[in-house]
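Asker:
Residue numbers (my numbering), protein chains in the order written: chain F, 127 to 266; chain G, 886 to 1311.
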């Protein structure tokens, strides 16, 4: 039940944006560590307000460099471009696909060839949930 | 400069948060239940159409839910609070003067925008929120907060407005036809007790109130009542970021005589501050729905020893209950506290204060209603036992069951817990 302030020096800690001013006039948390330390949070999360994390389950996206239990960093504010990996909702299910634009049409291509390619148009119950910007893989 | 105020209100907020992470919930009836008394605190449009009322006790809707496949979820406040923060951040980044009113509502000021551009500005804001955070919102625009809020209710029920409604696009007559459709109990500032009084005098709609005798309103409701009337008449009384008589916030803070590294000392302090702050809250006759806590090391400490965190907890509904406030405050302390620092000062602030009569969601009312219903059902049970089980029937077998909210229906804390992330099968 918290509004999270931005972690300053932590590594992968609590996410999301910071409330720089609190209504009652408290001083803002100090934010001047940029020059002193590498902030991985800022490197990975360009737009905290529109960024969400999800965990990948399964192996069909190995070709795209996504392995089981990897964390996907998803930015909903970014427009997908040809070749991007996106999280999509197809027939009410979450899925991860490669976004391709061919001759002005948009396709969602699975890495695993046994799955169908979906064309994004008004007839199909398919939409883009967000663009995958980073994949966090924990080395053994 | 003409006053132009907007109210942004998330549509079926809790349900919308759940739908973001579970697309299967789209287009079907869904309700979210409160934890304590198992009341409905959010409904999808489909659930509304089936007649489920806001505040209805869970046990009462069991039959309907089974019959129509209504999905019931327990409140997942960590999620809603986080999503709310994102929505508010977007509004604050786009608009100059923003007042966060509750977890899913905010006022902002459009007075400095060019005439005629309000709709476009609000449509853009709406689209941004939909894209970035997946939450649908409705925006009402008017010269006053009260009128903006009233119109936003109209927009929610009338799809032709496409979720943005502006009194500046209407004639006075048009505004009145809409005000006629708003029940007096839904007018901002008119609470439960005033509603009863007003109905006695035949004042049943916002329009009735707008045109009623000012002298009478003044005698029964004093200035607050007159102000509501003025605001319905397109006169601005309340500014954005500015609240009337009650204080905007209540703070209790203290600097420690001796700095401490002990979380228990801080918890004890915050706990007593919470109690004192709540006393002030009660004496001012206001409620709060947001609690801010801070713990500070010395501000002059060297950078590595300096830690000045603060956090806000949004509560599910407005309250003046000391135990709720205290519990939330202590939870916040636990989240903020880091062992390696020496703390010099801490404090609590109760925010978003609203007068008791400005009841936004009438859950306070429901406790009374639930007790009465409970008594009624016990009586029914007695009769059935004596005369046979179908003598008095409810809709289903539901009422004999436990009607406390089933917390197993809580979804994951998708945005605040590493262990509870959304999982996508590849």
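Don't be surprised by glycine CBs; every beta carbon is placed ideally from N, CA and C.
Under DSSP, the beta strand (DSSP E) around residue 1201(G) begins and ends at which residues?
Answerer: 1195-1204
Asker: Is the beta carbon of residue 1140(G) closer than 8 Å to that of residue 1229(G)?
Answerer: yes
Asker: Going by Cα to Cα distance, which pick from 926(G), 1079(G), 1011(G) is closest to residue 958(G)?
Answerer: 926(G)
Asker: Could you tell me whether the stretch 887-900 of chain G touches the stretch 1024-1043 of chain G, where touching means 3 or more Cβ pairs closer than 8 Å?
Answerer: yes
Asker: Is it a yes or a no for the stretch 1186-1199 of chain G touching the stretch 1141-1156 of chain G, going by three-plus beta-carbon pairs under 8 Å?
Answerer: no
Asker: Measure the C-alpha to C-alpha separation of residue 885(G) and residue 1240(G) and round it to an integer number of angstroms.
Answerer: Past the boundaries of the shown model lies residue 885(G); chain G is included only from 886 to 1311, so the question cannot be answered.
Asker: Hey, would you say residue 975(G) sits closer than 8 Å to residue 983(G), going by beta carbons?
Answerer: No, Cβ-Cβ distance for residue 975(G) and residue 983(G) is not below 8 Å.
Asker: Is there a C-beta anywhere in chain G that falls below 8 Å from the one on residue 183(F)?
Answerer: With respect to chain G, the C-beta atom of residue 183(F) has a partner C-beta closer than 8 Å.
Asker: Mind checking whether residue 1018(G) and residue 937(G) have CB atoms under 8 Å apart?
Answerer: no
Asker: Any Cβ of chain F within less than 8 Å of the Cβ of residue 911(G)?
Answerer: yes
Asker: Skipping 5 residues on each side, what residues in its chain have a beta carbon closer than 7 Å to that of residue 1011(G)?
Answerer: 1022, 1024, 1048, 1049
Asker: So with Cβ pairs under 8 Å, would you call residue 1307(G) a contact of chain F?
Answerer: yes
Asker: Against chain G, with Cβ distances strictly below 8 Å, would residue 267(F) count as a contact?
Answerer: Because chain F in this structure spans residues 127 to 266, residue 267(F) falls outside the shown range and cannot be described.
Asker: Assuming residue 1300(G) contacts residue 178(F) (C-beta within less than 8 Å), just tell me the rounded distance between them.
Answerer: 6 Å
Asker: Please classify residue 1033(G): does DSSP put it in a helix, a strand, or coil?
Answerer: When DSSP states are grouped into helix, strand and coil, residue 1033(G) belongs to the helix group.
Asker: Any beta carbon of chain F sitting closer than 8 Å to that of residue 971(G)?
Answerer: yes
Asker: Within a Cβ cutoff of 6 Å, which residues of the same chain sit near residue 1063(G), ignoring the five residues on either side of it in sequence?
Answerer: 1039
Asker: Measuring only between beta-carbons, confirm whether residue 1248(G) sits less than 8 Å from chain F.
Answerer: In this prediction, residue 1248(G) has a pLDDT of 38, which is less than 50 and means its spatial position is unreliable; what the coordinates show is noted afterwards. Any Cβ of chain F closer than 8 Å to the Cβ of residue 1248(G) would place that residue at the interface, and such an atom is absent.
Asker: Give the DSSP-derived three-state secondary structure of residue 1138(G) in the structure shown.
Answerer: In the three-state DSSP reduction, residue 1138(G) falls in the strand class (E or B).
Asker: Where does residue 899(G) land, buried or exposed, given buried means 16+ other C-beta within 10 angstroms?
Answerer: The residue in question, residue 899(G), is buried, as its Cβ has 16 or more Cβ neighbours within 10 Å.
Asker: Could you tell me the alpha carbon to alpha carbon distance between residue 997(G) and residue 889(G), rounded to whole angstroms?
Answerer: 8 Å
Asker: Kindly indicate the opening and closing residues of the beta strand (DSSP E) around residue 221(F).
Answerer: For residue 221(F), the enclosing beta strand (DSSP E) begins and ends at 219-228.
Asker: With a threshold of 16 other CB atoms inside 10 Å of the CB of residue 1346(G), please say whether the residue is buried or exposed.
Answerer: It is not possible to answer for residue 1346(G), since the shown part of chain G is limited to 886 through 1311.
Asker: Helix, strand or coil for residue 1090(G), going by three-state DSSP, please let me know.
Answerer: strand
Asker: Flag residue 1310(G) as yes if its beta-carbon sits less than 8 Å from any beta-carbon of chain F, otherwise no.
Answerer: Interface residue, yes.
Asker: Any beta-carbon of chain F closer than 8 Å to the one on residue 1018(G)?
Answerer: yes
Asker: Quick one: measure Cβ to Cβ for residue 1232(G) and residue 1179(G), integer angstroms, because I've assumed they're closer than 8 Å.
Answerer: 6 Å
Asker: State the Cα-Cα distance for the pair residue 1014(G) and residue 972(G), rounded to the nearest angstrom.
Answerer: 6 Å
Asker: Can you tell me whether residue 1185(G) is buried or exposed, with buried defined as 16 or more other CB within 10 angstroms of its CB?
Answerer: exposed
Asker: Which class does residue 906(G) belong to by DSSP, given the choice of helix, strand or coil?
Answerer: It is helical.
Asker: Just checking: is the beta-carbon of residue 1225(G) within a distance shorter than 8 Å of some beta-carbon in chain F?
Answerer: no
Asker: Just the C-alpha distance for residue 166(F) and residue 962(G), rounded to the nearest angstrom, thanks.
Answerer: 28 Å
Asker: Please name the residue in 905(G), 1035(G), 1218(G), 1226(G) whose C-alpha comes closest to that of residue 1065(G).
Answerer: Answer by Cα proximity: 1035(G).
Asker: Just to make sure I have the definition right: I need the residues of chain F whose C-beta is within less than 7 Å of the C-beta of residue 1021(G). Which are they?
Answerer: Neighbours of residue 1021(G) across chain F, judged by C-beta separation under 7 Å, do not exist; the nearest C-beta is about 14 Å away.
Asker: Quick one: grab the DSSP three-state call for residue 944(G).
Answerer: helix
Asker: Give the list of continuous alpha helix (DSSP H) stretches no shorter than 4 residues that lie fully inside the stretch 1012-1081 of chain G.
Answerer: 1030-1042, 1057-1064
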